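S.K.: As you go down the protein sequences, you meet chains L and U in turn. Numbering-wise, our numbering comes out as the position in the first sequence, counting from 1, plus 1. Numbering-wise, our numbering comes out as the position in the second sequence, counting from 1, plus 25. Every residue gets a Cβ at the ideal spot worked out from N, C-alpha and C, and that includes glycine. On a predicted model such as this, the values are computed, not experimentally measured, just so you know. Dumping the structure here so I can ask a few things about it.
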Amino acid sequence: MQKQDIKMVVIGGSAGSLPVVMSLLEALPEIFSFTVVIVIHRSKNVFSEMDKLLSHIRHVQNVHEPDDKEPILAQRVYLAPQNYHLLIEPNKTFSLDYSEPISFSRPSIDVTFESVAQVYAQQAVGILLSGANTDGTKGVSEVIRKGGIGIVQDPATAEYPIMPHAALLQNQSALCLPTSHITTFLKQLNDNI
Amino acid sequence: MDIGYRLTDVELDEIIQLILQKYGYDFRNYARTSLTRRIARCMNIANLKTLYELKYNLINEPSFFTWFLETLTVNVTEMFRDPLFYKDLREKVLPALASYPIIKIWHAGCATGEEVFSMSILLHEAGLLNRTKLYATDLNPANLERARKGIISMEQTKEYTINYIQSGGKNDFSVYYTAHYQSAIIRKEFRSNILFAQHNLAVDQVFNEFQLICCRNVMIYFNRELQNHVFKLFYNSLSPKGYLAVGIKESLLFTDVKEQFESVSAATRIYRRKN
Numbered sequence: 002m003q004k005q006d007i008k009m010v011v012i013g014g015s016a017g018s019l020p021v022v023m024s025l026l027e028a029l030p031e032i033f034s035f036t037v038v039i040v041i042h043r044s045k046n047v048f049s050e051m052d053k054l055l056s057h058i059r060h061v062q063n064v065h066e067p068d069d070k071e072p073i074l075a076q077r078v079y080l081a082p083q084n085y086h087l088l089i090e091p092n093k094t095f096s097l098d099y100s101e102p103i104s105f106s107r108p109s110i111d112v113t114f115e116s117v118a119q120v121y122a123q124q125a126v127g128i129l130l131s132g133a134n135t136d137g138t139k140g141v142s143e144v145i146r147k148g149g150i151g152i153v154q155d156p157a158t159a160e161y162p163i164m165p166h167a168a169l170l171q172n173q174s175a176l177c178l179p180t181s182h183i184t185t186f187l188k189q190l191n192d193n194i
Numbered sequence: 026m027d028i029g030y031r032l033t034d035v036e037l038d039e040i041i042q043l044i045l046q047k048y049g050y051d052f053r054n055y056a057r058t059s060l061t062r063r064i065a066r067c068m069n070i071a072n073l074k075t076l077y078e079l080k081y082n083l084i085n086e087p088s089f090f091t092w093f094l095e096t097l098t099v100n101v102t103e104m105f106r107d108p109l110f111y112k113d114l115r116e117k118v119l120p121a122l123a124s125y126p127i128i129k130i131w132h133a134g135c136a137t138g139e140e141v142f143s144m145s146i147l148l149h150e151a152g153l154l155n156r157t158k159l160y161a162t163d164l165n166p167a168n169l170e171r172a173r174k175g176i177i178s179m180e181q182t183k184e185y186t187i188n189y190i191q192s193g194g195k196n197d198f199s200v201y202y203t204a205h206y207q208s209a210i211i212r213k214e215f216r217s218n219i220l221f222a223q224h225n226l227a228v229d230q231v232f233n234e235f236q237l238i239c240c241r242n243v244m245i246y247f248n249r250e251l252q253n254h255v256f257k258l259f260y261n262s263l264s265p266k267g268y269l270a271v272g273i274k275e276s277l278l279f280t281d282v283k284e285q286f287e288s289v290s291a292a293t294r295i296y297r298r299k300n
């Protein structure tokens, strides 16, 4: 894989993805040069402390649900808020969208991945994890189509293989990696600075 | 999600200009990413493949524009969305409003009315509804037409009931609506104090003075410039010490008016005009 100047790592997951997200965050070094955005399907209108839960992970301080129009900073981990789609504006700010759920999901992984691809192009990495639906397939396609790197969790290692499996079927050039290799990939990303 | 045809920046500007000149709706200061996405969605539904087809329809088919406007703007809403927000209204805002002989509340960007109906229920339970006038405005005439009928989705009433209970509601939620085939209709007495009217936040002016303005998840579709404009409009439309409620992921922090408001509830984004 050629070296690329990666500015944005977007991670999408659904059922069974939370433990993987946690191990990816644990693998992040103390200093990293990119931004991490996590989109996980969650129930709406139910009090959730997922941001606090993820914030307890070593090294990563304050996993934060961004407000609308908040500037995107490097070396931060953001979590898509419940019950909104998370978009990225060309001026590198977040914007939220409360339009119809897509594939029964809001936040939709496809929407955020596509928006990341549009703004970050070859500076983007999209990582799709375990899940029991097909959200994220088109998002991974868009990341790759714009020159970014698409990574899909090896369905054999996923608690729910449907989502990664669907994404791999549509995206031959996505990298299919077990969790341990994805963490290695993230560590090496940082070595490339 | 079919991604559909995505306008380039230049093409988006052409469409915005066309709509402004022909129909007078100003989308220049909308957030571009979501606007591009919404246009792609419209083109997808209408099966339009090219910029030319979109322009042709916008120029030659006024009925297409009516549909386009309805489909472009986000009209999604729920009753008692973010139950903790409604709990804060009950506990922190309504007791203060009770001191006014007549209470005026503005729901700006009311979509199909679910939030203003929720407010009406809160006011009723606080014993304030009979001396409150609710103004609910939206850009989209089709939304207002639906809102005036008081129709809510029957399949969502179960979820609304849960939200209502979480907001501190003590009644049986079903007393507030009448089931009618696939729909539920909010009972007339909870709608009779609501005036629905068209108002465009991007261009229209102050039209009254309010003790509370709710504008939740509307300004997320605007850019910073238009957000600032609307915040000033709200400031000028509030009585001294009047309340402003925005969506729970919206903030006054980066706006021009942040010094003119104080926070009433940080978690549920309720603010108060200083004087």
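(1) Going along chain U in order, which residues have a C-beta closer than 9 angstroms to the C-beta of E50 of chain L?
(2) Assuming I150 of chain L and L25 of chain L make a contact with CB atoms under 8 angstroms, what is their CB distance in whole Å?
(3) Curious, which full-length beta strand (DSSP E) runs of at least 3 residues does the stretch 19-61 of chain L contain?
(4) Put R62 of chain U into one of helix, strand or coil per three-state DSSP.
(5) Taking H129 of chain L as the reference, which of L:D155, L:Y121, L:A122, L:P108 has the closest Cα?
(6) Around the Cβ of A28 of chain L, are there at least 16 other Cβ atoms within 10 angstroms (buried) or fewer (exposed)?
(7) Which stretch, first to last residue, makes up the alpha helix (DSSP H) that contains E287 of chain U?
(8) At a Cβ threshold of 7 angstroms, is P82 of chain L touching chain U?
(9) Tell me which residue opens and which closes the alpha helix (DSSP H) that R146 of chain L is part of.
(10) Are the CB atoms of S104 of chain L and G17 of chain L within a distance shorter than 7 angstroms?
(11) Could you confirm whether any beta carbon from chain U is found closer than 7 angstroms to the beta carbon of S18 of chain L?
(12) Of all the beta strand (DSSP E) runs that stay within the bounds of the stretch 145-181 of chain U, which reach a length of 3 or more residues?
(13) For L362 of chain U, which residues of its own chain have a beta-carbon under 6 angstroms away from its beta-carbon, when the five flanking residues on both sides are left out?
(14) Going by DSSP, what residues sit across from W131 of chain U in a beta bridge?
(15) As a quick exercise: from U:S145, U:Q285, U:A65, U:T75, pick the residue whose alpha carbon is nearest that of C239 of chain U.
(16) Whole angstroms are fine: how far does the CA of M104 of chain U sit from the CA of S15 of chain L?
(17) Ends of the beta strand (DSSP E) at M165 of chain L?
(18) Under a three-way DSSP split, which group does I295 of chain U fall into?
(19) Just mark G272 of chain U as buried or exposed, buried being the case when its beta carbon has 16 or more other beta carbons within 10 Å.
(20) Quick check: the Cα distance between I219 of chain U and T94 of chain L, rounded to an integer number of angstroms?
(21) Relative to the ligand MN, is the shortest distance from any of its heavy atoms to the C-beta of L83 of chain U smaller than 6 angstroms?
(22) Does I32 of chain L pass the burial test, meaning 16 or more other C-beta atoms within 10 Å, or should it be called exposed?
(23) Taking N92 of chain L as the reference, which of L:V112, L:P82, L:P102, L:Q119 has the closest Cα?
(24) Would you decide whether T33 of chain U is buried or exposed? Buried here means 16 or more other CB atoms lie within 10 Å of its CB.
(25) Would you report the Cα separation of Y161 of chain L and P108 of chain L, rounded to the nearest angstrom?
(26) Can you name the residues of chain L whose CB is closer than 9 angstroms to the CB of I245 of chain U?
(27) Out of L:D68, L:V11, L:I152, point me to the one whose CA is closest to F114 of chain L's CA.
(28) Shorter than 7 angstroms from the beta carbon of L170 of chain L to some beta carbon of chain U?
(29) State whether the stretch 114-131 of chain U contacts the stretch 86-101 of chain U, with contact taken as three or more CB pairs (one from each stretch) at a distance under 8 angstroms.
(30) Q285 of chain U to S199 of chain U, Cα distance in whole Å?
(31) Let me know the secondary structure DSSP gives V255 of chain U once reduced to three states.
(32) Step through the CB atoms of chain L and report whether any lies within less than 7 angstroms of the CB of T58 of chain U.
(33) At the level of alpha carbons, what is the spacing between M244 of chain U and Q252 of chain U?
(34) Does DSSP classify M68 of chain U as helix, strand or coil?
(35) Contact check, R57 of chain U vs L37 of chain U under 8 angstroms by CB: the rounded distance?
M.R.: In terms of the structure at hand:
(1) Simply none; closest approach about 12 angstroms.
(2) With a beta-carbon spacing of about 15 angstroms, I150 of chain L and L25 of chain L fall beyond the 8 angstroms limit used to define contacts.
(3) Runs of the beta strand (DSSP E) inside the stretch 19-61 of chain L: 36-41.
(4) For R62 of chain U, the secondary structure class from DSSP, reduced to helix, strand or coil, is helix.
(5) In the sequence on display, residue 129 of chain L carries Leu and not His. For the set L:D155, L:Y121, L:A122, L:P108, the Cα lying nearest the Cα of L129 of chain L is the one of L:D155.
(6) Result: buried.
(7) For E287 of chain U, no alpha helix (DSSP H) run applies; the uninterrupted beta strand (DSSP E) run containing it begins and ends at 286-290, by DSSP.
(8) Output row for P82 of chain L: interface = yes.
(9) 138-146 is the span of the alpha helix (DSSP H), which, as asked, contains R146 of chain L.
(10) It is not a contact, given that the beta carbons lie outside the stated cut-off.
(11) Chain U contact via Cβ: absent.
(12) Entirely contained in the stretch 145-181 of chain U, the beta strand (DSSP E) runs reaching 3 residues are, in chain order, 157-163, 176-178.
(13) Residue 362 of chain U is absent from the structure shown; chain U starts at 26 and stops at 300.
(14) Answer is U:Y160, U:I238, bridged to W131 of chain U.
(15) Per the C-alpha coordinates, the member of U:S145, U:Q285, U:A65, U:T75 positioned closest to C239 of chain U is U:S145.
(16) One Cα belongs to S15 of chain L, the other to M104 of chain U, and the distance between them is close to 26 angstroms.
(17) Position check: residue 165 of chain L holds Pro in this sequence, whereas Met was assumed. Here P165 of chain L belongs to no beta strand (DSSP E); instead the alpha helix (DSSP H) covers 163-171.
(18) Note: I295 of chain U maps to strand in three-state DSSP.
(19) With 16 or more Cβ atoms within 10 Å of its Cβ, G272 of chain U is classed as buried.
(20) Between I219 of chain U and T94 of chain L, the C-alpha separation is close to 37 angstroms.
(21) Absent from the structure shown: the ligand MN. Ligands present: none.
(22) Exposed.
(23) Relative to N92 of chain L, the option among L:V112, L:P82, L:P102, L:Q119 whose CA is nearest is L:Q119.
(24) A residue is called buried when at least 16 other Cβ atoms come within 10 angstroms of its Cβ; T33 of chain U does not meet this threshold and is exposed.
(25) Going from the Cα of Y161 of chain L to the Cα of P108 of chain L covers about 19 angstroms.
(26) The CB of I245 of chain U comes closer than 9 angstroms to the CB of D69, K70, Y85, S96, L97, D98, Y99 in chain L, given here in chain order.
(27) Ranked by Cα distance from F114 of chain L, the options L:D68, L:V11, L:I152 are led by L:V11.
(28) No, L170 of chain L does not count as interfacial toward chain U.
(29) Segments in contact, no.
(30) Approximately 41 angstroms between the Cα atoms of the pair.
(31) Here V255 of chain U sits in helix by DSSP.
(32) For T58 of chain U, the answer is yes, since a Cβ of chain L falls inside 7 angstroms of its Cβ.
(33) M244 of chain U and Q252 of chain U have their C-alpha atoms some 6 angstroms from each other.
(34) For M68 of chain U, the secondary structure class from DSSP, reduced to helix, strand or coil, is helix.
(35) With 8 angstroms as the limit, R57 of chain U and L37 of chain U qualify as a contact, their Cβ atoms being about 7 angstroms apart.
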